[in-house]
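Undergrad: Let me give you the structure first, and then I'll get to my questions.
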Amino acid sequence: MTVDFLVLGAGMAGAAAGYFLSERGRVLILEREDTPGYHSTGRSAALYTETYGNETIRALTSASGRFFRAPPQGFAEVPLLKPRGVLMVAPAAEEARFEAAFELGRRFAPGLRRLSRAEALALCPVLREDWLGHAFLEPEAMDMDVHAIHHGFLAGIRARGGRLLTAAAPHAIARAAGLWQVHTAQGSFAAPVLVDAAGAWADEVAAAAGVAPIGIAPMRRTVLIVGAPRGLGVDAWPMVVDIAESFYFKPESGRLLISPADETPLPPQDVQPEEIDIALAVERIATATRLEIRRIERKWAGLRSFAPDRTLVIGPDPWAPGFVWMAGQGGYGIKTAPAAGAALAALACGEALPAELSALGLAPAQLLPDRLRAAQ
Ligand SMILES: Cc1cc2nc3c(=O)[nH]c(=O)nc-3n(C[C@H](O)[C@H](O)[C@H](O)COP(=O)(O)OP(=O)(O)OC[C@H]3O[C@@H](n4cnc5c(N)ncnc54)[C@H](O)[C@@H]3O)c2cc1C
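The sequence shown begins at 22 in our numbering and counts up one residue at a time.
Shown next as structure tokens:
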């Protein structure tokens, strides 16, 4: 079967890429697992924030915010964003880092405002007064409905005649006669353009296709769900993040989702939480808050896969005709997905970036893999 675009991987990156490519031609997504979203996409903290990541990430996030707030008709039956807010907290000694984060943050999130210690404690009463030195609030930070976004993209692909095939692990990938040929147990497929949206496995997919890797580094991050403190309603709390990104916590259906914000480099795999990171989460939360973690109700870990410059890699490989990267989504792959997908489709088809991305100061050179090739 021959299509216009073959996409490997049906996480958020592959789904967003396929959605925007399906406006330009026939798309087939091949996913190795039985369920799309089984890996990083189904394991995130689901936060939309314009104050996290470098400037390229923030621009992609802001552009995506427009899509999330007003998605195309029929994209989803529920709102994609719900108010949450981020409370950034720092001990007194971290003043310089706090001020720098505040100044950078204001450029993309104009609503950012400093809070007094009393105001911060009113928003999250379990913070330790003797630990808290500085705080700012990003009121426009939102919880994302990851499932609705992911399935909105996949449904959009189907509506335009595209297909998703699960349990379709490629056992051979090769280019012949101007087409990428992908052989799976479910059949062989071909297209002039092959999009590598394999998350933690992006470099492995490239290597299997005979394309040089770009240095995608998967890092484990751990999440725990714990009971809320007795007698306190937590649903209206903002997400609380410390300035050193050494922990965060946020409400999750009447409970708290907490993370030690760990980053352990690992080979790509179905990653599981480790005791050491669970202990770190408990210890770090205890330093900054009066939360007592008695029982862990659920826990999981996921991989955040970064390019060497911690920026998404979007667009055609300069050395491999028709091989297009959609990789390095790191800790930003949900909140940047619509803009990243739109950029991918434009760059894969040799078009200029969409005007709303250029208007935010984004240029192809910030996204294309060439920037990493030059450094190799
Ligand atoms: C704990 C945690 C918290 C996070 N919090 C946030 C957050 O608050 N906000 C945010 O925006 N982002 C967050 N992220 C990051 C976000 O989850 C990721 O950036 C995003 O899910 C990456 O999507 P992906 O499609 O690249 O990867 P994945 O979802 O892992 O998808 C890749 C897919 O490729 C498939 N695949 C692999 N190899 C092959 C192959 N050879 N052939 C076919 N298919 C293949 C895999 O099976 C997988 O389904 C968080 C991540 C973690 C782990």
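Glycine included, each C-beta is placed from N, C-alpha and C at the ideal position.
Predicted, not measured: the structure shown is a model, and the values here were computed from it.
What residues in its chain sit with their C-beta under 8 Å from that of A189, if we drop five residues either side in the sequence?
TA: Around A189: L51, E52, R53, T205, A206 and Q207.
Undergrad: Within its chain, find whatever has a CB closer than 7 Å to the CB of I78; leave out the 5 residues flanking it on each side and keep chain order.
TA: The answer, listed in chain order, is T332, Y353 and T357.
Undergrad: Using DSSP's beta-bridge definition, name the partner residues of I279.
TA: Paired residue(s): L245 and F270.
Undergrad: Starting from S85, trace the alpha helix (DSSP H) in both directions and tell me its first and last residue.
TA: Start and end: E76 to R90.
Undergrad: Counting only runs that start and end within the stretch 285-352, where is the alpha helix (DSSP H) found for 4 or more residues in a row?
TA: The stretch 285-352 contains these whole alpha helix (DSSP H) runs: 296-309.
Undergrad: Distance, Cα to Cα, R127 vs R315?
TA: Their Cα atoms are separated by approximately 38 Å.
Undergrad: Can you tell me whether DSSP reads R394 as helix, strand or coil?
TA: Helix at R394.
Undergrad: Which residues mark the beginning and the end of the alpha helix (DSSP H) in which S137 is found?
TA: Element bounds for S137: n/a, residue is neither H nor E.
Undergrad: Measuring straight from C-alpha to C-alpha, what distance separates E140 and T82?
TA: For E140 and T82, the distance between alpha carbons rounds to 27 Å.
Undergrad: Consider the C-beta atom of K103 and the heavy atoms of ligand 1; say whether any pair is separated by less than 7 Å.
TA: No, the Cβ of K103 stays beyond 7 Å of every heavy atom of ligand 1.
Undergrad: Could you tell me if K103 is buried or exposed, where buried requires 16 or more neighbouring beta carbons within 10 angstroms of its beta carbon?
TA: Answer is exposed; the Cβ neighbour count stays below 16.
Undergrad: May I have the straight-line CA-CA distance separating A300 from F268, to the nearest angstrom?
TA: Going from the Cα of A300 to the Cα of F268 covers about 12 Å.
Undergrad: Less than 8 Å between C-beta atoms, sequence neighbours within five positions excluded: which residues of the same chain meet that for V99?
TA: Same-chain partners within the cutoff: D166 and A169.
Undergrad: How about H172: is its Cβ closer than 7 Å to a heavy atom in ligand 1?
TA: Outside the cutoff, so no.
Undergrad: In angstroms with no decimal places, state the Cα-to-Cα distance between V261 and A341.
TA: Computed Cα separation, rounded: 44 Å.
Undergrad: Which residue marks the beginning of the beta strand (DSSP E) containing G208, and which one marks its end?
TA: G208 -> beta strand (DSSP E) spans G208 to A212.
Undergrad: Give me the residue from R149, E161 and A162 with the minimum Cα distance to R305.
TA: Among R149, E161 and A162, the Cα nearest to that of R305 belongs to R149.
Undergrad: Taking the alpha-carbon positions, what's the P239 to Y73 distance?
TA: Taking the straight line from one Cα to the other gives about 19 Å.
Undergrad: Taking 7 Å as the cut-off, is the CB of K356 close to at least one heavy atom of ligand 1?
TA: Flag set: Cβ of K356 near ligand 1.
Undergrad: Check whether the stretch 242-254 and the stretch 25-41 touch, using three or more Cβ-Cβ pairs below 8 Å as the test.
TA: The stretch 242-254 is not in contact with the stretch 25-41.
Undergrad: Indicate the three-state DSSP secondary structure (helix, strand or coil) for R184 in the structure shown.
TA: In the structure shown, R184 sits in a strand (DSSP, three-state: E or B).
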